[in-house]
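With my numbering applied, the sequence shown has no gaps in its numbers, which climb one by one up to 214 at the end.
Yeah, the Cβ is synthetic: ideal placement off N, Cα and C, and Gly gets one too.
Remember, predicted model here, so these are calculated numbers, not experimental data.
These notes are about the structure you will find just below.
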Amino acid sequence: MTINLLPEELTSAGRQRASKKSGLYLLLICYCCISVILYSLLSMRINALGDQRKAWEGLLSEREALQLQLETLEQKINSAYEEHTALETALNTGLLLTETLTVLQHHLPHQLRVKQIIFSGEGWVIVYGEAETMESISLLAASLSSDSFFPEVKLGELYLDPEKDTHHFTLQLLTDPGKVGSNEV
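Take a look at the structure:
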């Protein structure tokens, strides 16, 4: 048994004070625990956001790499298409040139010499040559005019070289690509 000589009001106030102190200590401990828990949760959330940021950066860099690959492939496709178009044009032009030369050779008389042939992109063929007589040039122009492969024949420059006693001429021939392969030579 304990003997307390203090009046009872003082002992109950001391108990209340001790009770309040322990309540405050308990609140302080709860506050610290809650703070530690919240700090831990926030720290975990910040780390998770950092990981998400790294993942997004990885996806963005992968997207940029894929975009570059796509642009490279598009350039290669465009280049291949241009090559295809150029080859197709060359093939079609080659057929037209071969047919034009074959038809032209069929109409050339033996007295005539062709010096140069120029093919333009618009279907015109320019023939430079020389002949011993004006008659052979006239015969060639008439013969070419009668061929449906050349819808238009123009006799251009015509002059006499007195030193060689030869006639120089220029013929402009319009070809009809629709007639390729239709002439029998």
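For residue i, three-class secondary structure by DSSP
| i | result |
| --- | --- |
| Leu-203 | strand |
| Leu-56 | helix |
| Ile-75 | helix |
| Gly-185 | strand |
| Ile-66 | helix |
| Ile-147 | strand |
| Asp-190 | strand |
| His-196 | strand |
| Ser-108 | helix |
Residue range of the alpha helix (DSSP H) that includes residue i
| i | result |
| --- | --- |
| Glu-229 | There is no way to answer for residue 229, as the model of the chain reaches only from 30 to 214. |
For residue i, the residue or residues it bridges with in DSSP
| i | result |
| --- | --- |
| Gln-142 | The residue asked about is misnamed: residue 142 is Arg in this sequence, not Gln. Glu-159. |
| Trp-153 | Leu-203 |
Span of the beta strand (DSSP E), counted from its first residue to its last, around residue i
| i | result |
| --- | --- |
| Gln-137 | The residue asked about is misnamed: residue 137 is Leu in this sequence, not Gln. Segment: none, Leu-137 is in no beta strand (DSSP E) and carries neither H nor E. |
Best match in the options for proximity to residue i [C-alpha to C-alpha]
| i | options | result |
| --- | --- | --- |
| Ile-166 | Ser-149, His-139 and Thr-129 | His-139 |
Chain-order list of residues whose beta-carbon lies under 8 angstroms from that of residue i (same chain, five-residue window excluded)
| i | result |
| --- | --- |
| Ile-146 | Leu-130, Leu-133, Val-154, Ile-155, Val-156 and Tyr-157 |
| Val-182 | Ala-170, Leu-173, Ser-174, Leu-200, Gln-201, Leu-202 and Leu-203 |
| His-196 | Glu-159, Ala-160, Glu-161, Thr-162, Met-163, Ile-166, Leu-187, Tyr-188, Leu-189 and Asp-190 |
Own chain partners of residue i with C-beta closer than 6 angstroms, once the 5 adjacent residues on each side are dropped
| i | result |
| --- | --- |
| Thr-199 | Tyr-157, Gly-185 and Glu-186 |
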